[in-house]
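Protein sequence lines, in the order shown, are assigned to chains A and B. To convert, note that position 314 of the first sequence is 314 in our numbering; the numbers rise steadily by one, no gaps. To convert, note that position 12 of the second sequence is 481 in our numbering; the numbers rise steadily by one, no gaps. Each remark here refers to the structure printed beneath this line.
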Amino acid sequence: MLWACVLLPQLALDGVLRRQPPTEAPLVLVSGPAQARVVHAANRSARAAGLYRGQRLTAAQALLSQFAMVEHDPEDEARWHHLLAAWAYRYSGEVGLLAHALVLEVSRSLNLFGPWPRFESLLRDDLKELGFRHRIALAPTPHAAYVLTGVHDGLAVMTPDTLRRALSPIPIARARLPGDVTQALPSMGIRTLGQLFALPRAGLQRRFGGELVAQLDRLAGDEPSPMENYRPPDTFEQRMEWTHEIEHVEALVFPLRRLTGDLSAYLAGRDGGVQRFELELEHRSGPPTRVTVGMLSAARDATLLFDCARGRMERLELSQPVVAMRLMARELPPFVPAGRDLFDTRPTNAVPLEQLRERLRARLGEASIQHLRRTVDPRPEFAQTTTAGVGATSVASLPRPSWLLESPRPLRGPPPTILAGPERIETGWWDGGDLRRDYYVVRTSQGQYAWVFCAPGEQGAWMLHGWFA
Amino acid sequence: MGQVVALDSLLHARQIWKGRAVPLPDSSQPTGWPALDAALPSGGWPEHAMTEILLPIDGVGELQLVLPTLARLTREARSVMLIAPPYVPYVPGWEARGVVMAHVDIVQAGERDVLWAAEQCLRSGSCAAVLAWPLQADDRALRRLQVAADTGKALAFVFRDQRHALQASPAALRLELESEPSLQVRIRKCRGGQPPAGMLPLAAGWS
C-alpha cells in the first residue's frame, strides 16, 4: 500500500480567494466572538505586513490600516474539503479525509497514471488549476504520509524500512500525536519520533494510555488505520457568496468559470457526465433568478460546461444585483466519451460537431441552427421545412433556384429576358392556401438569373421568388 | 554606357540563378470547374485556407461556383456550415445539384455574431467547409478566419460585396464574379502563383 497525502494548509483562505479574480491586496479571515475577534488566516501580503493566525484583530488593525476582512465559515471550509475529496476520487478508489488534508491510496493508480513523479505533478497541476495551495507526500501508511507532508513537501517514501528512517528525525511537536502527549514528551527529554520509537511500548502504554501506542503503530504500518472511506455524493451543489453586490453579468464570468470547473472536477472524479444543470443567482430580496443550462449529450469538459453556461448567462437581463451564485446538478447520467477513429485525419484539437452546435446554440439561441428538408408539397413556400421527419427523395427535373426569398416581392428594373417557362403550379386547395402561378426563369438586366412568377397567362408584373445563384 | 549583354548568354553561362517558386502541392479539393482548376496554382481550392468571393450583386452565381464542391463533400458525409446566408437555401435546387442537405447546417447569426460563428466552426475541425456572409469584416477579422481555417483544416468561403475589392485581403484566394455580359470569374489573387489575366467563363446555373 502506498498513500499520498495532500495537505491543504490554507483551505479556508483559498476557498475565499478563488471566488474573486487574483489579487495582491491584503485579505484576512476572521473568527471568534464579537468581543475577541482573531485572525483565522491571512493571505501572503497580509502576512508580509506582520499579520498571523491567532492574532487579535485589534492588533492586526494596528499593524495594517487597510485590509479586506471575510468572516470565516467552517461549513464553507468543509464544502471545499468535500469538493477536493470528490476530485481525488478520480485518482483513487480509497480516499480519506483528515483535518486539512486528504489521503489517497495510490499503489494501484500508479499503473494507470504513470510513475510517482509524473502522477504527483498531475495532482499538483489539478490543484493549481482549482486554486488550492497544497503540500504532497507519499508514504506506505496514511498517517505517515500525513505527518511527512507537514515537514517536507514533495517527499516520497516508497518502502516500510525507509519509512522509519524518514520518520525518526521528525520533532514530536510536528508528529500529529494526541494533544497532551505533544506537550508532555519534550519535557521528558524526548524530542523526536526516533527517540519515541526506541522506548519500550509497555512503559508508554502505562504512562500515556493506549492511544499513543496505537498511533505509533499506525504511523509505522504495524496496525491498519481506521479511516472512513469517502464516497462521492450523487448530486453536485456548490455555492459562492460575495460580500459585495454584483450588478453586471460580465462580473459573474469569473465565479462561473470556477463553479463549472469544480463541477467538471467532480464529474471526472466519479467518471460521470452532466446533461443539465441549474444556476441560481441569489438577490438581496425576492426569489433567485434561475438559469437552466442543458446540453444535447452528457458532457464533462470544463471548457464546454463553461461555454454553455456563459452563453446562457450572457443573454440574461439582471433585474437586481447578485449576492450569491449556486450551481446545482441533479441529473448525472453516465458519460460516454466521443469515439475517435484511429485513422481520423482531423486535427487533434477538434471539437466534435455536436459540441460545436451546442456552443453556437448557447450564444446565438436555441433556434439558430437549422436543417432544411424537402417535403412532398409542390408549393414553393412549403417545399421545405426545418422540422425533423422523413423528407421526399425524388429530385425535380424542372429548374429550381438555389436561393429562395422568404416572401416573394416585385421584380424591379427593366423588363427581364425570359429563358424558360411557363411552369404552372396550381395546387394547395386542401388547406386554403391554394395558389395558381406561372413560374419563369428570367435574366435580369444586371445579369442575375431569377425565378419569377406571375398570374397565369399574364406576363409582366413579375414577382421575384428566388435566385439561381 | 556599359557593355550590352544579352540575357540569354548570361543564362547560358549559368551566371544567373533563375529563382522559381516552389510548386504548390496539388489540392485535393477540385472546384468542379475544370477551367478554374486549370487556372489555380494548386489545381483546386486552396486547402485549409480562406477563399474570398466578391459579388457585384446577390444571386449572380456565387453558389454555382461552390455547389459542386459542397455536393462532393456532403456526399462523403462531411459537414458544411452556412453562416448567415442572405436568402433561404432552397432545398429542391440544392438537391438537384447533388447536395445532401442532411449534412448542411444553417446557422442564423446576427451581424455581430457572423464572424464569431464562422471562426468557431472553422476552428472546430469538424466542418469540411464553412460559408459565411459577413456584412462587416475588416482585415483583422478576415485574418482570424484565415488562421481558423488553417487550425481546423477546413475550406472557408467568404462572400462579400465587390466594393471591398480594393481593400487588402489575407485570403489565400480571391475571386471576383461578373455577371455581364455573361457569368464569368476573375482571379484577383492566388497564393503560390500569378493570377491569370483573363476571365474564366462559368455556365449559368439555371438549367
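Cβ atoms here follow ideal geometry from the backbone N, Cα and C, with glycine treated the same way.
Close-in-space but distant-in-sequence residues of the same chain around residue i (CB under 7 Å, 5 per side omitted)
i, result
"H81(A)", "L11 and L97"
"P664(B)", "I656, R657 and K658"
"T386(A)", "Q370, H371 and L372"
"R191(A)", "P171 and I172"
"A329(A)", "T235, F236, L263, V274 and F277"
"D377(A)", "A383"
Neighbour list for residue i in chain A, Cβ cutoff strictly below 8 Å
i, result
"D582(B)", "R363 and L364"
"I522(B)", "None at all; the shortest Cβ gap to chain A is about 11 Å."
"P558(B)", "L372, S402, W403 and L404"
"C590(B)", "L356 and L360"
"L532(B)", "S402, W403 and A469"
"G512(B)", "Per Cβ cutoff of 8 Å: no residues; G512(B) is ~20 Å from chain A at best."
"L536(B)", "S402"
Neighbourhood of residue i by C-beta, 8 Å cutoff - its chain only, sequence neighbours within 5 removed
i, result
"P140(A)", "M1, L2, W3, V157, M158, T159, P160, L163 and G221"
"V213(A)", "R201, L204 and Q205"
"G501(B)", "L536, P537, T538, A540 and R541"
"V6(A)", "L84, A88, A101, L102, V103, L104, L123, L127, H134, R135, I136 and T149"
6 Å CB neighbourhood of residue i in its chain, flanking five on each side removed
i, result
"Y266(A)", "A86 and F236"
"R90(A)", "A268 and G269"
"A610(B)", "L584"
"R470(A)", "Here chain A covers residues 1 to 469 and nothing more, so residue 470(A) does not appear."
"V573(B)", "V549"
"P603(B)", "V583 and L584"
"R37(A)", "V30 and L57"
"L332(A)", "G272 and V274"
"D217(A)", "E223"
Opening and closing residue of the beta strand (DSSP E) in which residue i lies
i, result
"Q653(B)", "Q653 to C659"
"P670(B)", "M668 to P670"
"T520(B)", "M519 to L524"
"T243(A)", "F236 to I246"
"Q472(B)", "Per DSSP, Q472(B) belongs to no beta strand (DSSP E) and is neither H nor E."
"Q275(A)", "V274 to E282"
"F626(B)", "L624 to D630"
"V452(A)", "Y449 to C454"
"T620(B)", "From DSSP, T620(B) is part of no beta strand (DSSP E) but of the alpha helix (DSSP H) over D608 to G621."
"G433(A)", "That residue, G433(A), is in no beta strand (DSSP E); it is neither H nor E in DSSP."
Supposed close pair residue i, residue j - CB separation, criterion 8 Å
i, j, result
"V70(A)", "L127(A)", "Their Cβ separation, rounded to whole angstroms, is 22 Å, which puts V70(A) and L127(A) out of contact at 8 Å."
"V441(A)", "L419(A)", "5 Å"
"V293(A)", "F277(A)", "5 Å"
"I172(A)", "L185(A)", "5 Å"
"A578(B)", "S368(A)", "7 Å"
Proximal chain B residues relative to residue i, where beta-carbon distance stays under 8 Å
i, result
"L371(A)", "The residue asked about is misnamed: residue 371(A) is His in this sequence, not Leu. Those are M570, A571, V573, D574 and I575, listed as they occur along chain B."
"Q35(A)", "Simply none; closest approach about 56 Å."
Any non-hydrogen atom of the ligand PLP closer than 7 Å to residue i Cβ
i, result
"E228(A)", "Absent from the structure shown: the ligand PLP. Ligands present: none."
Span of the alpha helix (DSSP H) around residue i
i, result
"L102(A)", "Looking at the DSSP string, L102(A) is not in any alpha helix (DSSP H); the run it does join, the beta strand (DSSP E), is A101 to E105."
"L464(A)", "That residue, L464(A), is in no alpha helix (DSSP H); its beta strand (DSSP E) goes M463 to W467."
"G311(A)", "A302 to E314"
"V181(A)", "G179 to S187"
"A60(A)", "L57 to L63"
"H82(A)", "P74 to A88"
"P503(B)", "P503 to A508"
"E129(A)", "W116 to L130"
"L372(A)", "That residue, L372(A), is in no alpha helix (DSSP H); it is neither H nor E in DSSP."
"A214(A)", "G210 to A220"
Chain B residues whose Cβ lies nearer than 7 Å to that of residue i
i, result
"L353(A)", "S548 and S595"
"A350(A)", "S593, G594 and S595"
"G311(A)", "Result: empty, since nearest Cβ-Cβ is about 11 Å, beyond 7 Å."
"S368(A)", "V576, Q577 and A578"
"G466(A)", "Y559"
Amino acids of chain A, ordered along the chain, whose beta-carbon sits closer than 9 Å to that of residue i
i, result
"W563(B)", "L372, R400 and S402"
"D527(B)", "W403, Q448, W467 and A469"
Any C-beta of chain E under 8 Å from that of residue i
i, result
"V654(B)", "Absent from the structure is chain E; the protein chains it does hold are A and B."
Chain B contact residues for residue i, given Cβ-Cβ distances below 9 Å
i, result
"Q384(A)", "V557, P558, Y559, V560, P561 and M570"
Chain A residues whose Cβ lies nearer than 7 Å to that of residue i
i, result
"S648(B)", "Q446, G447 and Q448"
"A586(B)", "L360 and L364"
- Task: Assess, as a yes-or-no matter, whether the segment 515-529 of chain B is touched by the segment 641-648 of chain B under the definition of 3 or more beta carbon pairs within less than 8 Å.
- Result: Yes: at least three Cβ pairs fall under 8 Å.
- Message: Using a Cβ distance threshold of 8 Å, determine whether the segment 410-423 of chain A contacts the segment 432-446 of chain A, with at least three qualifying pairs required.
- Response: At 8 Å Cβ cutoff, the stretches touch.
- Message: Check whether the segment 240-257 of chain A and the segment 316-328 of chain A touch, using three or more Cβ-Cβ pairs below 8 Å as the test.
- Response: The segment 240-257 of chain A is in contact with the segment 316-328 of chain A.
- Query: Do three or more CB pairs link the segment 614-630 of chain B to the segment 583-598 of chain B at distances below 8 Å?
  - Reply: Taking 8 Å as the limit for Cβ pairs, the verdict is that the segment 583-598 of chain B does touch the segment 614-630 of chain B.
- Item | Any 3 or more C-beta pairs closer than 8 Å across the segment 506-521 of chain B and the segment 625-641 of chain B | These segments touch.
- Query: With a cut-off of 8 Å, do at least 3 Cβ pairs link the segment 401-417 of chain A to the segment 472-487 of chain B?
  - Reply: These segments do not touch.
- Query: Counting pairs of beta carbons, one from the segment 548-564 of chain B and one from the segment 590-600 of chain B, are three or more of them closer than 8 Å?
  - Reply: Taking a cut-off of 8 Å on C-beta distances, the segment 548-564 of chain B touches the segment 590-600 of chain B, as three or more cross pairs fall below it.
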